[in-house]
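When we follow the numbering used here, the leftmost residue of the sequence shown carries the number 566, and every step to the right adds one. Note that CB positions come from ideal geometry on N, CA and C, so glycine has one too. For reference, the structure discussed in these notes is given below.
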Amino acid sequence: AERPTATVARDWALAWLAAWPLTHALLLADPRLTGYAGLSGVLHAGVAVAALGLVVQGRGRVRLVGAAVLGGLLVKLTLEAPWRASVQALAHWEVPVAVAAHASGAAAGLGFAAVALLVRQHATMRARRLHAGQPTDPP
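Below, the structure written as structure tokens:
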């Protein structure tokens with residue numbers, strides 16, 4: 566039997582790239598965060614984009630994996646509770662963790678993934694109209 570593969574299309578990768586600056590811009594809106602160094606927010610954006618991509622374009626087990634990752638991400642963000650504190654000190658880490666970056670990254674990733682999905686759907690509908698000989702743009 567063929568093993569399922571999990572790949573991410575170019576439009577999803579572009580959504581992750583677009584989420585990078587928004588992830589950091591959202592951090593600027595949090596007055597409780599006085600400094601930030603790292604890429605954990607961008608990592609969370611990538612996880613959100615890739616998982617949603619698997620849910621949308623995957624089949625069978627691949628789709629389930631994407632849904633499980635999205636669910637796990639939601640649980641993780643909820644447990645981190647960034648609405649309580651932007652930064653948390655954890656006993657097993659030498660540096661504080663900016664959980665606000667995780668939330669902003671996930672939000673930016675999901676936002677741009679939604680944009681990628683809308684663009685993809687529009688392109689598909691346009692191609693179908695072209696194939697059917699219908700006008701693609703309203704008058």
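Pick from the options: whose alpha carbon is nearest that of residue i?
i, options, result
"His609", "Leu644, Val664 and Ala679", "Val664"
"Val612", "Arg624, Trp581 and Gly623", "Trp581"
"Gly606", "Ala632, Trp658, Ala650 and Val662", "Val662"
"Arg626", "Trp658, Gly600 and Arg568", "Arg568"
"Val660", "Gly600, Ala688 and Val680", "Gly600"
"Pro596", "Ala697, Ala633 and Arg649", "Arg649"
Quick test of your reading: residue i and residue j, contact by CB under 8 Å. State the CB separation rounded to the nearest angstrom.
i, j, result
"Leu619", "Val630", "6 Å"
"Leu591", "Ser669", "4 Å"
"Ser709", "Leu598", "Since the first residue of the chain shown is 566 and the last is 704, residue 709 is not available in this structure."
"Ala666", "Gly623", "That belief does not hold up - the Cβ atoms of Ala666 and Gly623 are roughly 27 Å apart, past 8 Å."
Please work out which residues of its chain come closer than 8 Å, Cβ to Cβ, to residue i, disregarding the five sequence neighbours upstream and downstream, and give them in chain order.
i, result
"Leu635", "Ala613, Ala616, Leu617 and Val620"
"Arg685", "Asp576"
Within its chain, find whatever has a CB closer than 7 Å to the CB of residue i; leave out the 5 residues flanking it on each side and keep chain order.
i, result
"Ala671", "His609, Ala610, Ala613, Leu638 and Leu642"
What residues in its chain sit with their C-beta under 6 Å from that of residue i, if we drop five residues either side in the sequence?
i, result
"Gln653", "Val662 and Val664"
"Trp585", "Val607"
Practice problem: Evaluate the contact criterion for the segment 643-662 versus the segment 673-680: three or more CB pairs, one atom per stretch, below 8 Å. | Solution: no
Quiz item: Enumerated in chain order, which unbroken segments of the beta strand (DSSP E) with a length of 3 residues or greater are wholly contained in the segment 581-608?
Solution: none
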